[in-house]
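Residue numbers (the numbering used here): 272 to 520.
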Amino acid sequence: MDESLISETLEALSSSDTARKAARNLNTLKGIRGTPQAEIARVGAAVWRDQKPSLAAEDALTRLFRSAWEDGMLAVGLLAALVPDGPTEALDIGLDWLARLDDNLTADALGWLVLGPAFAATGAEPERLRELALAHKGSHPAVRRALVSMGLAFLPLPLEGCAVAPLRARHGDDAIAFVEAPLSPLVGALAHAFLRDESPNVRKALRRVLKGWVKTDPAAVVAWEAEVRGGLPKLLSEVTHKARNKVKA
């Protein structure tokens, strides 16, 4: 895989105007090229088809991830498409990248598209999620957000975002979800672990996961909430209230 060519392609498709607009909502030390997300997706799909990446290209993938924000998102997408080829190896790479996160969009993509499905594929138990959360308790909020976003992969939700393009290219399908039924024990473990997180960005990510959980397994949400001591923060109780209504109906 030629990561230099990929970066050059993304740079050629960038503009200062797009970079300025992206910088309004994106704060990262990696820098922003200004490549539209639609172009990131297009390049990601083309790289998958034409360069045939593999997990053996870990070093090239990591160099790409460490480059500009757009390069990193594309690297996440390529690694996501490689998870079926080696879940344990992909999880190890993803956990190594975890420490380098400093923005919400990359955090969401890494958690949902790589860490979550790789973790589930290894057959790891909920206790392992609790250990991961505890190990990163003092990490950057983006790191914790990525761990929360793993929960999206445990739910039968359609994938979203520009980083999904290599996965779609691999499977030849635009409508992809990682699971057919909720892995509620894993979702519950994550929710418990980050229930009291002080970061607004982490809480918003957990709210997103809970919304998906309410949609796909409201009874499990009600059972989980019943085990929470001290009640839920308002931001989350507004979501779980809908689960209670669904179960009553």
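In this text, a Cβ means the ideal position worked out from N, Cα and C, and glycines have one as well. On a predicted model such as this, the values are computed, not experimentally measured, just so you know.
Integer-rounded CB distance, given that residue j should sit under 8 Å from residue i
i, j, result
"G422", "V480", "4 Å"
"H411", "L372", "6 Å"
"L350", "A361", "6 Å"
"L461", "L503", "So it is not a contact: roughly 15 Å between Cβ atoms."
"V510", "K482", "6 Å"
"A446", "P429", "6 Å"
"A336", "W368", "Contrary to the premise, residue 336 reads as Phe rather than Ala in this sequence. Correct: roughly 5 Å between the Cβ atoms."
"T393", "P358", "5 Å"
"L477", "L507", "7 Å"
Three-state secondary structure (DSSP) of residue i
i, result
"S338", "coil"
"A327", "helix"
"E396", "coil"
"M272", "coil"
"D379", "helix"
"L454", "coil"
"P504", "coil"
"P307", "coil"
"F449", "coil"
"N516", "helix"
"D488", "coil"
"E498", "coil"
"D444", "coil"
Proximal residues to residue i (C-beta, below 7 Å), its chain only, five neighbours per side dropped
i, result
"R375", "Per the sequence shown, residue 375 should be read as Asn rather than Arg. Closer than 7 Å at Cβ, skipping near neighbours: A413, R416, N472."
"A312", "C433, A436"
"G365", "L350, L381, V385, L386, A389"
"S286", "G305"
Residues of its chain near residue i, where Cβ-Cβ distance is below 6 Å and the 5 sequence neighbours each way are ignored
i, result
"E282", "R304"
"V492", "W484, V485, T511, A514"
Proximity test, residue i beta-carbon vs the ligand GTP heavy atom, cut-off 8 Å
i, result
"F465", "The ligand content of the structure shown is nil, which means the ligand GTP is not present either."
Sequence-distant residues of the same chain with beta carbon closer than 8 Å to residue i, five excluded per side
i, result
"G387", "S420, M421, G422, L423, A424, F425, F449"
Test: residue i CB closer than 9 Å to a CB of chain D
i, result
"F465", "The chain labelled as chain D is not found in the depicted structure, where only one protein chain is given."
| request: Would you mind listing the alpha helix (DSSP H) stretches within the segment 346-376 that are 4+ residues and don't spill past its ends, in chain order? | output: Scanning the segment 346-376 for uninterrupted alpha helix (DSSP H) segments of 4 residues or longer gives 358-369, listed from N- to C-terminal end.
| field | Ranges of the alpha helix (DSSP H) found wholly within the segment 381-441, counting only runs of at least 4 | value | Runs found: 387-392, 397-406, 412-424.
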